[in-house]
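The structure under discussion appears below in the form of structure tokens.
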Amino acid sequence: MTAGLGADTAQVQWILASYSLAFGAALVPAGRLGDVLGRRALFMAGIAVFGAFSLMGGLASDPALVIAARLLQGLGAGTLNPQVLGLLQDLFSGTCRAKALGYYAAAGGFAAVCGPLLGGLVLSAAGDTAGWRVLFLINVPLVVLLVPLAFRFLPARPGRDHRAGPASVDGVGALLLGAVVVAFLLPTVHGSPESAPAWLAAGAAVLLCFAGWELLYHRRGRTPLLSAGLARSKGYLLGTVVALCQFGVGAAMSAVTAFYFLSGSGLAPLAAAGVLAPQAAGMLLASGSSWRFVARFGRAGIVFALAASLATLVAKDFAVQHLDHSAAALAVAAVGLVQGAATGLVVAPNQALTLAHAPAGTAGVAAGFYQLSQRFSAALCSAAVAGLFLHAGPGLAGVSGAMAVDGGYRGAFHNGILLCSTLTAVAIAAGSLDWIRTARARRQNGKAARPLDQALADSR
Numbered sequence: 001m002t003a004g005l006g007a008d009t010a011q012v013q014w015i016l017a018s019y020s021l022a023f024g025a026a027l028v029p030a031g032r033l034g035d036v037l038g039r040r041a042l043f044m045a046g047i048a049v050f051g052a053f054s055l056m057g058g059l060a061s062d063p064a065l066v067i068a069a070r071l072l073q074g075l076g077a078g079t080l081n082p083q084v085l086g087l088l089q090d091l092f093s094g095t096c097r098a099k100a101l102g103y104y105a106a107a108g109g110f111a112a113v114c115g116p117l118l119g120g121l122v123l124s125a126a127g128d129t130a131g132w133r134v135l136f137l138i139n140v141p142l143v144v145l146l147v148p149l150a151f152r153f154l155p156a157r158p159g160r161d162h163r164a165g166p167a168s169v170d171g172v173g174a175l176l177l178g179a180v181v182v183a184f185l186l187p188t189v190h191g192s193p194e195s196a197p198a199w200l201a202a203g204a205a206v207l208l209c210f211a212g213w214e215l216l217y218h219r220r221g222r223t224p225l226l227s228a229g230l231a232r233s234k235g236y237l238l239g240t241v242v243a244l245c246q247f248g249v250g251a252a253m254s255a256v257t258a259f260y261f262l263s264g265s266g267l268a269p270l271a272a273a274g275v276l277a278p279q280a281a282g283m284l285l286a287s288g289s290s291w292r293f294v295a296r297f298g299r300a301g302i303v304f305a306l307a308a309s310l311a312t313l314v315a316k317d318f319a320v321q322h323l324d325h326s327a328a329a330l331a332v333a334a335v336g337l338v339q340g341a342a343t344g345l346v347v348a349p350n351q352a353l354t355l356a357h358a359p360a361g362t363a364g365v366a367a368g369f370y371q372l373s374q375r376f377s378a379a380l381c382s383a384a385v386a387g388l389f390l391h392a393g394p395g396l397a398g399v400s401g402a403m404a405v406d407g408g409y410r411g412a413f414h415n416g417i418l419l420c421s422t423l424t425a426v427a428i429a430a431g432s433l434d435w436i437r438t439a440r441a442r443r444q445n446g447k448a449a450r451p452l453d454q455a456l457a458d459s460r
């Protein structure tokens with residue numbers, strides 16, 4: 001892209017960053033629009049925008065056009081994503097919903113395994129000059145296929161629940177939230193460390209404005225983006241904390257592993273990818289059957305899976321600190337399979353139990369906030385890990401040469417594991433609180449339904 005379009009470093013950074021910013025900013029407003037207008041229309045609009053600007057990106061002759069295409073691609077993707085979870089909420093209930101979410105997570109795991117491989121094959125086959133264009137254009141026939149299928153099979157407009165409140169769209173709240181997203185995410189995807197405090201301070205100020213506006217909008221008798229029912233739902237808030245921490249751990253652990261084995265131990269890129277692949281495969285395998293797990297164990301099972309994930313983090317750190325590079329790579333890959341399986345038993349079950357607590361008429365906006373928390377966590381944790389490894393070069397005090405560099409990278413890996421372990425511990429605490437809360441409520445109500453069905457019943 002740099003050679004073909006003459007893009008400079010700053011433009012390449014914006015090509016990478018613009019998608020993430022637009023995607024994050026669109027999630028919650030698009031979720032609310034889906035709640036009000038119906039999900040099929042928003043899904044079709046999102047995927048059509050994504051396809052149209054994939055075509056624009058593939059045919060672009062100027063870096064500015066590619067940046068615009070990526071920005072609008074992100075807007076389209078951010079519009080359709082909350083509709084998917086919203087539709088799963090609308091169309092399924094109980095164990096069937098958990099099963100559908102498990103298949104959805106398995107599809108995501110499959111994409112995580114196959115996407116980079118297919119992208120690499122396309123780039124190798126098409127060459128450096130045309131390869132990036134093919135990666136844009138390959139989306140177009142898929143969109144042409146999906147739009148009529150969505151029109152044919154998705155429900156036109158799920159009936160609005162009479163408890164959902166007035167069908168208002170909080171435009172000012174959407175703009176303020178979009179500004180918050182940009183202010184907090186921009187320093188993690190583009191910009192210098194010196195400018196980050198100013199952006200974060202601006203984001204905090206706009207966040208206060210957003211909170212004030214939401215209160216005012218609610219007092220006027222309208223439905224704000226962050227509805228009062230959603231903000232008061234302990235099950236939803238605790239489950240979102242679990243998702244935020246777990247997604248951050250996933251992003252940070254992938255970055256920690258890649259940085260260490262590429263830069264610290266000098267593995268070839270293909271070998272480093274082989275270290276990461278078992279974790280994605282473990283998640284793919286576990287996600288498909290996670291609905292049985294949550295139907296049997298409920299929130300307690302999620303806490304157990306998080307504890308198992310914490311144990312794998314300790315095992316990975318032990319391997320890197322005490323084994324040579326080759327043995328450590330094999331050990332981390334093997335443990336990664338277990339960690340991936342534990343993650344697969346958390347992702348879809350936590351979605352099912354958390355979104356079950358969304359008040360009537362807020363499935364789309366609840367999914368939007370849920371996914372937005374994941375984007376924030378992944379961006380911040382990835383940036384933190386990058387900072388750890390950027391400062392790993394000096395190594396250990398009083399030691400010079402390759403040993404110092406190796407010690408520095410091992411130390412950075414250890415600090416990355418500490419970050420992931422802390423987040424996992426927070427997720428365990430949040431999950432345990434929700435487990436205790438729901439168990440107490442079930443005893444008080446004298447109900448003995450299965451955990452998932454009970455959570456769904458209690459949320460209605």
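Under my numbering, the residue at position 117 of the sequence shown is numbered 117, and the numbers go up by one with no gaps.
Ideal Cβ positions, reconstructed from N, Cα and C, are used throughout, including at glycine.
Residues near residue i in its chain [Cβ-Cβ closer than 7 Å; skip 5 each side]
{"i": "VAL172", "result": "TRP213"}
{"i": "SER287", "result": "GLY102, ALA105, ALA106, GLY109, GLY344, VAL347, ALA348"}
{"i": "ALA100", "result": "LEU88, PHE92"}
{"i": "VAL134", "result": "VAL122, ALA126"}
{"i": "PHE293", "result": "GLY301, LEU345, PRO349"}
{"i": "LEU146", "result": "ILE47"}
{"i": "SER421", "result": "LEU310, LEU313"}
Given residue i as reference, the closest of the options once Cα atoms are compared
{"i": "ALA272", "options": "ALA281, PHE261, GLN279", "result": "PHE261"}
{"i": "ALA461", "options": "LEU419, LEU33, GLY178, PRO359", "result": "With the chain running from 1 to 460 in the structure shown, residue 461 is simply not present."}
{"i": "LEU185", "options": "LEU388, MET283, GLY288, LEU16", "result": "LEU16"}
{"i": "GLY239", "options": "LEU353, ALA64, GLY6", "result": "LEU353"}
{"i": "ALA333", "options": "SER382, ARG32, ALA202, GLY282", "result": "GLY282"}
{"i": "PHE378", "options": "ALA425, CYS245, LEU230, ALA45", "result": "Phe is not the amino acid found at residue 378; the sequence shown has Ala there. Looking at the Cα atoms, CYS245 is the closest of the given residues."}
{"i": "LEU177", "options": "GLN321, PHE297, CYS209", "result": "CYS209"}
{"i": "PRO29", "options": "ASP170, MET44, PHE259", "result": "ASP170"}
{"i": "TYR217", "options": "ALA174, PRO63, ALA255, PHE247", "result": "ALA174"}
{"i": "GLY431", "options": "ALA331, PRO359, ALA243", "result": "ALA243"}
{"i": "ASN415", "options": "GLN371, GLY38, ALA255", "result": "ALA255"}
{"i": "ALA179", "options": "ALA196, GLU194, ALA205", "result": "ALA205"}
{"i": "LEU502", "options": "LEU37, GLY38, LEU270, LEU75", "result": "The chain is shown from 1 up to 460; residue 502 falls before or after that span and cannot be answered."}
{"i": "PHE259", "options": "VAL49, LEU200, ILE417, LEU207", "result": "ILE417"}
{"i": "ALA231", "options": "LEU355, PHE297, THR129", "result": "LEU355"}
Cβ pair residue i, residue j closer than 8 Å
{"i": "SER54", "j": "GLN83", "result": "no"}
{"i": "THR79", "j": "LEU42", "result": "yes"}
{"i": "ASP90", "j": "GLY361", "result": "no"}
{"i": "ARG32", "j": "GLY301", "result": "no"}
{"i": "ALA383", "j": "THR188", "result": "yes"}
{"i": "LEU27", "j": "GLY368", "result": "yes"}
{"i": "ALA327", "j": "ILE428", "result": "no"}
{"i": "VAL275", "j": "ALA329", "result": "yes"}
{"i": "ALA60", "j": "PHE23", "result": "no"}
{"i": "ALA98", "j": "ALA412", "result": "no"}
{"i": "ARG40", "j": "PRO155", "result": "yes"}
{"i": "PHE136", "j": "GLY58", "result": "yes"}
{"i": "GLN351", "j": "ASN81", "result": "no"}
{"i": "VAL338", "j": "LYS316", "result": "no"}
Cβ-based neighbour list, residue i, same chain, cut-off 6 Å, excluding 5 preceding and 5 following
{"i": "HIS357", "result": "SER233, GLY235, TYR236, SER459"}
{"i": "GLN11", "result": "PRO63"}
{"i": "GLY86", "result": "GLY34, ARG39, ALA363, GLY364, ALA367"}
{"i": "PHE376", "result": "none"}
Contact set for residue i: own chain, Cβ-Cβ below 8 Å, skip 5 residues either direction
{"i": "SER124", "result": "GLY131"}
{"i": "ALA280", "result": "GLY109, ALA112, VAL113, GLY340"}
{"i": "GLY159", "result": "Annotation note: pLDDT 47 at GLY159 (below 50); position unreliable, coordinate value reported separately. So the list is empty, once near-sequence residues are dropped."}
C-alpha distance - residue i paired with residue j, whole-angstrom precision
{"i": "VAL314", "j": "SER227", "result": "40 Å"}
{"i": "THR486", "j": "VAL182", "result": "The question about residue 486 has no answer, for the chain in this structure spans 1 to 460."}
{"i": "ALA164", "j": "PRO224", "result": "With a pLDDT of 48 at ALA164, under the threshold of 50, the modelled position of that residue is not reliable, and the figure given next carries that caveat. Roughly 12 Å between the two C-alpha positions."}
{"i": "PHE151", "j": "VAL144", "result": "12 Å"}
{"i": "LEU117", "j": "LEU284", "result": "16 Å"}
{"i": "ALA397", "j": "SER265", "result": "Any reading at ALA397 must be qualified, since the residue scores a pLDDT of 38, below 50, and its modelled position is unreliable; the value itself is stated next. One C-alpha to the other measures close to 20 Å."}
{"i": "SER438", "j": "ALA366", "result": "Before going on, a small fix: residue 438 reads as Thr here, not Ser. Distance between the alpha carbons of THR438 and ALA366 is about 20 Å."}
{"i": "GLN321", "j": "ALA268", "result": "20 Å"}
{"i": "ALA198", "j": "SER18", "result": "20 Å"}
{"i": "ALA449", "j": "TRP291", "result": "In this prediction, ALA449 has a pLDDT of 46, which is less than 50 and means its spatial position is unreliable; nothing more can be read from the coordinates."}
{"i": "ALA211", "j": "ARG440", "result": "32 Å"}
{"i": "MET44", "j": "ILE67", "result": "23 Å"}
{"i": "ASP8", "j": "MET56", "result": "20 Å"}
{"i": "GLN374", "j": "VAL241", "result": "9 Å"}
{"i": "ALA69", "j": "GLY248", "result": "27 Å"}
{"i": "ASP434", "j": "VAL303", "result": "10 Å"}
{"i": "GLY6", "j": "SER289", "result": "48 Å"}
{"i": "LEU71", "j": "ALA25", "result": "11 Å"}
Q: Could you pull out every unbroken alpha helix (DSSP H) segment of at least 4 residues lying fully inside the stretch 38-117, listed in chain order?
A: Whole alpha helix (DSSP H) segments, 4+ residues: 39-59, 63-91.
Q: Just list the alpha helix (DSSP H) runs in the stretch 159-236, keeping only unbroken ones of 4 residues or longer that don't cross its boundaries, in chain order.
A: Listed in chain order, the complete alpha helix (DSSP H) runs (minimum 4 residues) inside the stretch 159-236 are 171-189, 196-219, 228-232.
Q: Starting from the N-terminal side, write out each stretch of the beta strand (DSSP E) that is 3 residues or longer and does not extend beyond the stretch 303-337.
A: Counting only runs of 3 or more residues that sit fully inside the stretch 303-337, no beta strand (DSSP E) segment turns up.
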